[in-house]
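S.K.: Sharing a structure below in structure tokens format, with a few things to ask.
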Amino acid sequence: MATERHDPATGRATTGHEWNGIEELETPIPRVVVFFLTVTTLFAIGYWILMPAWPLGVTYTKGLLGIDQRDVVTRQVEDAAAARAAWTSRIAGASLQEIAADDTLMRHVRETGRTLFIDNCAVCHGTRGTGGPGFPNLAAKAWLWGGEPETIAETIRIGINATNEETRVSQMMAFGRDGILDGTQVRAVAAYVRSLSALPMGAADRAQVEAGKAVFAANCVACHGEDGRGSTEAGAPDLTDAAWIYGSDAQSVFTSIYSGRQGHMPHWEGRLSPVDIKLLALYVGTLGEDGQ
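Written out as structure tokens, the structure reads:
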């Protein structure tokens, strides 16, 4: 009968296995590990019995509790739809002014409108509506077609230069490319336009402002007005503010006048419901407020 050997340093029994003079100690599994293994095994068996667990070809074990997560999610969606219908029906039947005056409805506008905006509009206008090169900054309140809720809703509905039959139509002519103005005139009117916003200019540009004013009066006032403040009827931007869709530097303004511009916004009628368009229109009107 073999005699149990013990490690001389620790006094613990060894397994009898030896590697290069080093003997392996007999180290049993800690009781806490055995305890948790037992508990988790019992939990797994209990779960298999009580809950849906095992696939059986085209079906599965239903479990004694009969819980079906598909039914749970379906009920949750139905409850959410019922809760949403309670306030969307009010929005559907109210005017934009009535909705704007109702703090409870405006809370829904800010929450749901933000989701709609991020899902449908942020790719062009940014998550905060601040736009970017070629896309208007909606938070700046520099409206091309007007900033009243009804006007914003109509713009969303029919789009700009879109395929909707009622779409808003606007285009900046290519004055240089089409030979309406020569290069000298384009540079002069670009200098004048930049002076309307009091942008910093060099001496050479400042010297062309008066000549550019005459070019502007002869070619641009029909859309932008004599004072350069634009026209919401024509979708012509205000040239006197700090909001520039395509850039305010000398080269960008020259390019806009020389080559023309034609922005595009898709129409959302048929893609968004009338209630969603109302929500978006009111939400867009809040951009730039309260740190949004």
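Numbering of the sequence shown is given in UniProt numbering, commencing with residue 1 and proceeding in unit increments.
The C-beta atom is built at its ideal place from N, Cα and C for all residues, glycine as well.
Remember, it's a predicted structure, so these values are computed and weren't measured experimentally.
1. Rounded to whole angstroms, what's the CA-CA distance from Ser170 to Thr115? Just pull it up for me.
2. When you compare each of Glu210, Glu165, Ser197 and Ala203 to Val186 by their alpha carbons, which one comes out closest?
3. Which word fits Ser195, buried or exposed, when buried means at least 16 other C-beta atoms lie within 10 angstroms of its C-beta?
4. Would DSSP call Ala13 helix, strand or coil?
5. Looking at C-beta atoms only, is the number of pairs between the segment 132-150 and the segment 217-227 that lie closer than 8 angstroms three or more?
6. Quick test of the definition: if touching needs 3 or more C-beta pairs under 8 angstroms, does the segment 78-92 touch the segment 261-277?
7. Taking all protein chains shown into account, do 16 or more other C-beta atoms lie within 10 angstroms of the C-beta of Lys278, making it buried, or fewer, making it exposed?
8. So, does the segment 38-51 touch the segment 14-28, judging by three or more C-beta pairs under 8 angstroms?
9. So, helix, strand or coil for Met1, using DSSP?
10. Nearest to His235 by CA position, among Met265, Val32, Asp249 and Cys121, is which residue?
11. I need the boundaries of the alpha helix (DSSP H) containing Leu96, first residue and last residue.
12. Please identify the residue among Ile160, Asn20, Arg31 and Ser259 whose C-alpha is closest to the C-alpha of Glu269.
13. Let me check one thing: in DSSP terms, what residues is Ala236 bridge-paired to?
14. Under 7 angstroms Cβ to Cβ from Arg4, same chain only, skipping five residues before and after it: list those, please.
15. Tell me the residue span of the alpha helix (DSSP H) that contains Ile158.
M.R.: Taking the coordinates as given:
1. Stepping through the sequence shown from its first residue, residue 170 is reached at position 170. Stepping through the sequence shown from its first residue, residue 115 is reached at position 115. Rounded to whole angstroms, Ser170 and Thr115 show a C-alpha spacing of 29 angstroms.
2. The sequence position of residue 186 within the sequence shown is 186, counting from 1. It is Glu210 whose Cα lies nearest to the Cα of Val186.
3. For the purposes of this step, residue 195 is taken as the residue at position 195 of the sequence shown. When all chains shown are included, Ser195 counts as buried.
4. One-based indexing of the sequence shown puts residue 13 at position 13. Note: Ala13 maps to strand in three-state DSSP.
5. No: the two stretches stay apart, fewer than three of their Cβ pairs being nearer than 8 angstroms.
6. With three or more CB-CB distances shorter than 8 angstroms, the segment 78-92 counts as touching the segment 261-277.
7. Here residue 278 refers to the residue found at position 278 of the sequence shown. So Lys278 counts as buried.
8. Cβ pair count under 8 angstroms is below three, so no.
9. As a first step, residue 1 is located in the sequence shown; it is residue number 1 there, counting from the start. Caution applies to Met1, whose pLDDT of 49 falls short of 50 and renders its modelled position unreliable; the model cannot decide the point.
10. On the sequence shown, position 235 is the one that residue 235 refers to. The sequence as given places Gly at residue 235; His does not occur at that position. Considering only alpha carbons, the answer is Met265.
11. For the purposes of this step, residue 96 is taken as residue 96 along the sequence shown, with counting starting at 1. Counting along the chain, Leu96 sits inside the alpha helix (DSSP H) bounded by residues Leu96 to Ala100.
12. Walking along the sequence shown from the start, residue 269 turns up at place 269. Nearest C-alpha to Glu269: Ile160.
13. Translated into positions along the sequence shown, residue 236 becomes position 236. Per DSSP, Ser231.
14. The residue labelled residue 4 in the question sits at position 4 within the sequence shown. Note that residue 4 is Glu in the sequence shown here, rather than Arg. Counting only Cβ-Cβ distances below 7 angstroms, and skipping sequence neighbours, we find Ala13.
15. Looking up residue 158 in the sequence shown gives position 158. Where Ile158 is concerned, the enclosing alpha helix (DSSP H) stretches over Pro149 to Ile158.
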